[in-house]
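Residues 1 to 629, numbered by the working numbering, are exactly what the sequence shown covers, in order. Glycine included, C-beta positions come from ideal geometry on N, C-alpha and C. This one's a predicted model, so the numbers in the text were calculated from it and none came from an experiment. Each remark here refers to the structure printed beneath this line.
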Amino acid sequence: MNAQEIRNAYLKFFKDRSHKVIPRALLVPDNDPTTLFTGSGMQPLIRYLLGEKHPDGTKLTDSQTCLRAMDIEEVGDNRHTTFFEMLGNWSLGDYFKQEQITWFFEFLTEVVGLDPNKLYVTTFIGNSKHNIPKDIDSAEIWKTLFAKHKIEVKEADIDTEEAGAIRGMNPGERIFYYGEKNWWCRPGKIDNMPIGEPGGPDTEVFYEFDFVEHNTEYGEKCHPNCDCGRFIEIGNSVFMEYVRTENGFEKLPKQNVDFGGGLERIAQAAIDSPDMFKISLLWPIVKELERLSGKPYDSHTNSMRVIADHLRGATFLAVDGVKPSNKEQGYVMRRLLRRAIRFAFELGIEQNFLQDVVPVIAKMYEEDFPEVKKSKVEIIETLVKEEKTFRQTLRKGMREMHKMGKSGKINGEQIFTLYDTYGFPTELSTEEALIQGFDVEADWRKQFDSKMKEQRERSQTAAKGTFKGGLGGQKDIHKKYHTATHLMYESLRRILGDHVIQHGSNITEERLRFDFSHPEKVTAEQLKQVEDMVNQQIEKDLTVTFEEHPKEYALKELKPLGHFGDRYGDIIKIYRMQSQDDKDPFSYEICGGPHVDNTGHLAEGGKRFKIKKEEASSAGIRRIKAVLE
């Protein structure tokens, strides 16, 4: 089976087992200041795993597109990518270990056709300090499943990856017990879990490429969690069954299952190839690069892998409305594109080539993701425009870097020049310097920051501003700004017209940012009218409530304000902001929440809504930044 077939078979497999197939979330989380990107299948569902009722029921499944910007430098080996799909299924207080483990094993062996002799599993060793027992239940289920295939199963206590590298594996061992590696909780470690925090053991499945020899750079001996490439994790089932209390750990009354399995990795196992870039979602890109460059993949694997991965990620960022820029998600997108163009230069591709590669990527996804086909022309225009801009200065920038490096080193001020004059992302400059054999001064970052403080450490934003697993709580100020965004959106439509459509939003603890369609600059008078209208609704202390309806009925009959209609599930949530004295709501908008209970909360502490800035975001798109102060 190829990757596309595996994706569809997985969704059908769980749909046949009474799961509701839910649409993927956008790569850019809406109104979540804790992370730049959706980095896991669990991330959009965390509030339901923590107890909130999901409108589509207790058994869910999807294929979630994900992006992890902290992996950019890792791309180039045979298994790391920044963009990937996570197959997922969830039980919200419904089934548990027996069904989950059995179903996944059945899917791998009977549907995908993997050889069960090449599957190995890990599970939780227990924690004596907190009186959490060894997860024998999961191990016993695995034993029964392997026994049906007449496969010998021995167990081994490993505990830590370091211990695994010393101990290794013995013949017949198939179930391995690890410590914190097989425990899931938001803080990461059991000892760091606060009172009331849920968590639980997980069981991972690994596929063995038995013809790959162990590389001792990763430890003396091999074991399932070794990074040498002999084993690859293809699925992880988290069993959220405990909660920390003042008296220790107790079983949750309602236990959940969260499963995530990398589509690309399962597809890799399906073709028994340790090289992920041979799968059907990456190999066509490689073949196109071979055609354009006239060079073989086997001799230029690193460059072609980087280009294939980065362009796939940039394409889906464009699908989800991101534009290349020097801020946040747009900066990561720009970095992906410019790094890909730089590596294409290394292949001898000095002409514009994205107009040839991006359609190849779109073709692979457009059947299963209609939004790709729908925005295909705009995607190509966005990426090609960025390529043309960067290519104008790439060659000059490379020459300038060689001049700078004549002394054998470069500093932060020179890196700033490359950034400011030639459009080189800082990481590209430092990476290129090392490739050319130049030393980079240890304090280059400090020098760079002094020249451009407002762009300080952008390259680390995606990694530093996140919680483990991409999870984070919604603070009260976030709710206030979220509610203010709804009020401003409706006010903009009433002042400027119904052509105003949301094109993105972002909330931090300091401000809200809102992108919307409008053909010209919003006048100062119009901004004042919007500001006054929002403050009037805050003063009226509108009641904020939500209701849930079937999608078709809601969109046709109720006609709430909304966008991305093709992404909604069958049941949608609509937030209403309305005064008891008014017949109609001021704002009636599709939204996942959360919000404050009354708009009057936005005025607490004597604060008022104030628009700080209005500017162009891109052609036909305006951007407003506003605060409560």
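What residue from the options has the CA that sits closest to residue i's CA?
i, options, result
"valine 534", "Arg608, Gln392, Glu548 and Leu383", "Arg608"
"phenylalanine 634", "Pro274, Met193 and Ile279", "Residue 634 lies beyond the stretch modelled for the chain, which goes from 1 to 629, so this question has no answer here."
"arginine 667", "Lys559, Phe211 and Leu347", "In the structure as shown, the chain starts at 1 and stops at 629, and residue 667 therefore has no counterpart that could be examined."
"glycine 261", "Arg17, Ile125, Pro359 and Glu204", "Glu204"
"phenylalanine 84", "Leu281, Lys97, Arg493 and Val212", "Leu281"
"threonine 543", "Asn236, Glu233, Gln536 and Ser579", "Ser579"
"arginine 335", "Ile349, Glu350, Leu354 and Leu311", "Leu311"
"arginine 493", "Thr508, Lys479 and Val522", "Val522"
"valine 28", "Ile624, His300, Ala314 and Phe277", "Ala314"
"isoleucine 341", "Ile538, Arg174, Glu106 and Phe390", "Phe390"
"glutamate 387", "Lys376, Gln351, Ile361 and Arg399", "Gln351"
"alanine 318", "Ala362, Phe277 and Leu292", "Ala362"
Can you tell me the Cα-Cα spacing of residue i and residue j, whole angstroms?
i, j, result
"valine 238", "valine 257", "6 Å"
"glutamine 64", "serine 407", "48 Å"
"tyrosine 422", "threonine 393", "5 Å"
"threonine 82", "threonine 485", "31 Å"
"threonine 466", "serine 40", "The predicted position of threonine 466 is uncertain, since its pLDDT is 32 and thus under 50; a value taken from the coordinates is nonetheless stated next. Approximately 12 Å between the Cα atoms of the pair."
"asparagine 598", "leucine 512", "18 Å"
"glutamate 454", "glutamate 328", "Residue confidence for glutamate 454 is low, a pLDDT of 42 falling below 50, so the modelled location carries little weight; the figure read from the coordinates is stated next. If I take the Cα positions, the gap works out to 12 Å."
"leucine 555", "valine 322", "26 Å"
"isoleucine 6", "valine 440", "45 Å"
"alanine 463", "glutamate 73", "Residue confidence is low: alanine 463 scores 33 on pLDDT, short of 50, so the model does not pin down where it sits. Its coordinate-derived value is still stated next. Near 12 Å, if we compare the C-alpha coordinates of glutamate 73 and alanine 463."
"isoleucine 495", "valine 530", "7 Å"
"histidine 601", "lysine 612", "21 Å"
"lysine 403", "proline 296", "32 Å"
"cysteine 591", "valine 121", "40 Å"
"proline 425", "asparagine 2", "36 Å"
"isoleucine 571", "tyrosine 553", "10 Å"
"phenylalanine 211", "threonine 102", "28 Å"
"glycine 504", "proline 116", "46 Å"
"glycine 179", "isoleucine 125", "5 Å"
"asparagine 89", "alanine 9", "13 Å"
"leucine 561", "phenylalanine 516", "14 Å"
"aspartate 581", "glutamate 547", "20 Å"
"proline 201", "alanine 156", "17 Å"
"glutamine 536", "arginine 622", "23 Å"
"serine 128", "isoleucine 190", "12 Å"
"isoleucine 435", "glutamate 213", "29 Å"
"threonine 430", "glycine 397", "13 Å"
Can you tell me the Cβ-Cβ gap for residue i and residue j, rounded? I've got them flagged as a contact below 8 Å.
i, j, result
"isoleucine 132", "tyrosine 242", "7 Å"
"aspartate 56", "lysine 20", "4 Å"
"lysine 134", "arginine 167", "About 18 Å separates the two Cβ atoms, so there is no contact after all."
"isoleucine 410", "phenylalanine 438", "6 Å"
"glutamate 400", "leucine 418", "7 Å"
"lysine 634", "isoleucine 141", "Outside the displayed range of the chain (1 to 629) lies residue 634, so it cannot be described from this structure."
"phenylalanine 343", "serine 375", "With 8 Å as the limit, phenylalanine 343 and serine 375 do not qualify as a contact, their Cβ atoms being about 26 Å apart."
Considering just the uninterrupted stretch of the beta strand (DSSP E) at residue i, what are its terminal residues?
i, result
"valine 286", "From DSSP, valine 286 is part of no beta strand (DSSP E) but of the alpha helix (DSSP H) over 283–293."
"aspartate 202", "198–208"
"proline 370", "Careful: proline 370 lies outside any beta strand (DSSP E), inside the alpha helix (DSSP H) at 370–374."
"threonine 599", "No beta strand (DSSP E) contains threonine 599, which DSSP labels as neither H nor E."
"aspartate 644", "As shown, the chain starts at 1 and ends at 629. That puts residue 644 outside it, with no answer to give."
"lysine 297", "In the sequence as displayed, the identity of residue 297 is tyrosine instead of lysine. Unbroken run through tyrosine 297: none, as it is neither H nor E."
"proline 550", "543–550"
"tyrosine 242", "231–245"
"lysine 589", "Correcting the residue identity first, residue 589 is glutamate in this sequence and not lysine. Looking at the DSSP string, the run of the beta strand (DSSP E) that includes glutamate 589 is 587–590."
For the alpha helix (DSSP H) holding residue i, just list the boundary residues, first then last.
i, result
"alanine 147", "136–147"
"serine 491", "476–496"
"proline 55", "No alpha helix (DSSP H) holds proline 55; DSSP gives it neither H nor E."
"tyrosine 10", "3–15"
"serine 505", "Looking at the DSSP string, serine 505 is not in any alpha helix (DSSP H); the run it does join, the beta strand (DSSP E), is 502–507."
"arginine 342", "328–346"
"phenylalanine 104", "97–106"
"methionine 577", "From DSSP, methionine 577 is part of no alpha helix (DSSP H) but of the beta strand (DSSP E) over 571–578."
"methionine 276", "From DSSP, methionine 276 is part of no alpha helix (DSSP H); its letter is neither H nor E."
"threonine 426", "426–435"
"valine 153", "No alpha helix (DSSP H) contains valine 153, which DSSP labels as neither H nor E."
"methionine 533", "524–539"
DSSP beta-bridge partners for residue i?
i, result
"aspartate 159", "Tyr178"
"lysine 613", "Lys625"
"tryptophan 90", "Leu60 and Asp258"
"leucine 119", "Tyr207"
"isoleucine 132", "Asn127"
"valine 75", "Asp77"
"aspartate 581", "None; aspartate 581 has no bridge partner."
Just to check, is the beta-carbon of residue i closer than 7 Å to a non-hydrogen atom of the ligand FMN?
i, result
"glycine 397", "This structure does not include the ligand FMN; it has no bound ligands of any sort."
Closest Cβ-Cβ distance between residue i and chain D: below 8 Å?
i, result
"tyrosine 481", "Absent from the structure: chain D. Only one protein chain is present."
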